[in-house]
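Letter by letter, the sequence shown follows residues -23 to -1, 1 to 437 in mature numbering (1 follows the signal peptide of the UniProt record, and there is no 0).
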Amino acid sequence: MASRFKLVFAVSLLLLLLDFCRGSIVGVCYGRNADDLPTPDKVAQLVQLHKIKYLRIYDSNIQVLKAFANTGVELMVGVPNSDLLAFSQFQSNADSWLKNSILPYYPATKITYITVGLEVTESPDNASALVVPAMQNILTALKKVGLHKRIKVSSTHSLGVLSRSFPPSAGAFNSSHAYFLKPMLEFLAENQSPFMIDLYPYYAYRDSPNNVSLDYALFESSSEVIDPNTGLLYTNMFDAQIDALYFALMALNFRTIRIMVTETGWPSKGSSKEKAATPDNAQTYNTNLIRHVINDSGTPAKPGEELDVYIFSLFNENRKPGMESERNWGLFYPDQTSVYNLDFTGKGAVDMTNSGNGTKSNGTTWCIASSKASESDLQNALDWACGSGNVDCSAIQPSQPCFEPDNLVSHASFAFNSYYQQNGASDVACSFGGNGVKVDKDPSKSIFYSESDYIPDYTN
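As structure tokens, this is what we get:
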């Protein structure tokens, strides 16, 4: 009995440590306010191809939940503001929603968070008072089926919940929101749920370029901003905004609530009044953001603190109202081509000089399957190339000229190179989520089908 107890304790401790040592994550927001987006199943292929492992959606759309079943991608689903009244009034509404919209797809579809309401303090219908009751009813519904520890409940906010954010140490919540913020913070602390915030240094720069430098907003500043109250040094606005929220939480004695950034990003195109909205700036911001997060840098007030971040957004959304930039936050165009090159691992080098088109081939490079790619990753990339990538893969079908050798690496190399050549032989066209690699010898004139088989000919 003692040995069994020790084993159970050891396993439990290991699982706890694995979760504790997970590190910061980078996800992407999948908004669908557009009429030209690919179907959810094609989006699931695209997301897997680019090794995006965390995704936020703004509702519980059945087709989306089905598309991400058995993909391993973790989803954050949302309860729209329009549903808050029904969810806050009756427990039965929350129970029915969970039963009909979540449980049929879980756990095949990995759902880890439910966000209740979207930036309610910015909403014209003033639904703030409904948020906490709706959160409580959804939590109760989760408890009934034993999922309250696996699926966390929270709500997202804009930085407008703060009345002051500079200097960071003076960060304070707006007193007009106290009636719902205090019970919400108590809910989050009790249930170990994160405080979710949507942060946009872009807007701070756009609206006040005389007070905020572009480099400071883009993580590119070589100078430092000093908080006079603490002496802490800030080299970027993102950290300063996060720390303002940390100090606001500490001022109310909520020191244990962790922060999650559920939206941040930079637009790649804007109106004449939005000159900072360019592909280069968007690429710079998001690349630096990813590296900052993946390295677990933390912030000056909380160095080394893990911080999960979701980039807005997966696609450009042509039905979003407002200025031109509102429709151009996407990492991808609706045809699934990249707006600019972005490495989601935070480890690779990114060419910042070509506005997302990458380095053009001089006609002497080809794209083949990487020998380091797993079979499942190659298959996903092949399926995408032959499907959403619009590659004609008839030549690698049985009895066709490129069917032999009949193996996954050979077929993937054919599809990769076809896509690469028909998309301008750019660097990004040979990415395939890190599963493609460029070579300088024509594969059609050599017998090799992956980089491990490729031996350069030095005799010519």
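For each residue, glycine too, the CB sits at the ideal point set by N, CA and C.
Residue burial is scored here from C-beta neighbours: ILE236 has at least 16 other C-beta atoms within 10 angstroms and is therefore classed as buried.
Between TYR211 and GLU201, the gap from beta carbon to beta carbon is short of 8 Å. Between THR117 and THR92, the beta carbon gap of about 17 Å keeps them out of contact (Cβ cut-off 8 Å). Counting along the chain, MET227 sits inside the alpha helix (DSSP H) bounded by residues 214 to 228. Rounded to the nearest angstrom, the gap between the Cα atoms of PHE309 and SER170 is 31 Å.
Sequence-distant Cβ neighbours of ALA104 in its own chain, meaning closer than 6 Å and more than five residues away, are ASN58, LEU61 and VAL97. The beta carbon of ALA111 is closer than 6 Å to those of LEU61, PHE64, SER65 and VAL93 in its chain, skipping five residues each way along the sequence. By the neighbour-count definition (other C-beta atoms within 10 Å, threshold 16), ALA106 is an exposed residue. Counted as a single uninterrupted DSSP element, the beta strand (DSSP E) harbouring ASP175 occupies residues 172 to 175.
Here DSSP, grouped into helix, strand and coil, assigns SER140 to strand. According to the DSSP assignment, THR89 belongs to the beta strand (DSSP E) that extends over 87 to 95. Exposed is the label assigned to ALA155, since fewer than 16 other Cβ atoms lie within 10 Å of its Cβ. For ARG33 against TYR262, the beta-carbon gap comes to about 18 Å, at or over 8 Å, which does not count as contact. Beta-bridge partners assigned by DSSP to PRO280: GLY275. Comparing C-alpha distances from GLY148 to each of LYS120, LEU226, ARG232 and MET214 shows the shortest one belongs to LEU226.
The count of Cβ pairs closer than 8 Å, one atom from the stretch 282 to 297 and one from the stretch 4 to 17, reaches three, so the stretches are in contact.
Between the stretch 163 to 179 and the stretch 124 to 138, the count of C-beta pairs closer than 8 Å reaches three or more; the two stretches touch. Between VAL20 and ALA46, the gap from beta carbon to beta carbon reaches 8 Å or more.
If you keep only unbroken alpha helix (DSSP H) runs of at least 4 residues inside the stretch 35 to 68, you get 39 to 44 and 61 to 66. Taking the Cα positions, ARG127 is about 26 Å away from ILE267.
Residues VAL189, ALA194 and MET214 of the same chain have their beta carbon placed closer than 7 Å to that of ALA181, with the five preceding and five following residues left out of the count. Fewer than three pairs of CB atoms, one per stretch, sit closer than 8 Å, so the stretch 348 to 359 makes no contact with the stretch 316 to 323. With the rule of 3 Cβ pairs closer than 8 Å, the stretch 297 to 311 counts as touching the stretch 234 to 252. Annotation: the continuous beta strand (DSSP E) that includes HIS134 extends over 129 to 135.
Checking the DSSP bridge columns, you'll see LEU210 partnered with ILE203. Inclusion of ALA278 and PRO178 in the CB contact set at 8 Å is not warranted, their separation being larger than that value. TRP306 carries a coil assignment under DSSP once its states are collapsed to helix, strand and coil. Under DSSP, CYS6 takes part in a beta bridge, and its partners are ARG33 and PHE289. A straight-line Cα-Cα distance of about 43 Å links LEU23 and SER152. Residues ALA406 of the same chain have their beta carbon placed closer than 6 Å to that of ASN400, with the five preceding and five following residues left out of the count.
For LYS415, the enclosing beta strand (DSSP E) stretches over residues 413 to 416. Cβ neighbours of PRO15 within its own chain (closer than 7 Å, five residues either side excluded): PRO311, GLN313 and SER365. Judged by DSSP in its simplified three-state form, GLU240 adopts strand. The beta-bridge partner set that DSSP reports for TRP343 consists of VAL416. For PHE391, the three-state secondary structure derived from DSSP is helix.
For ASP369, there are no CB contacts under 6 Å within the same chain when 5 residues up- and downstream are skipped.
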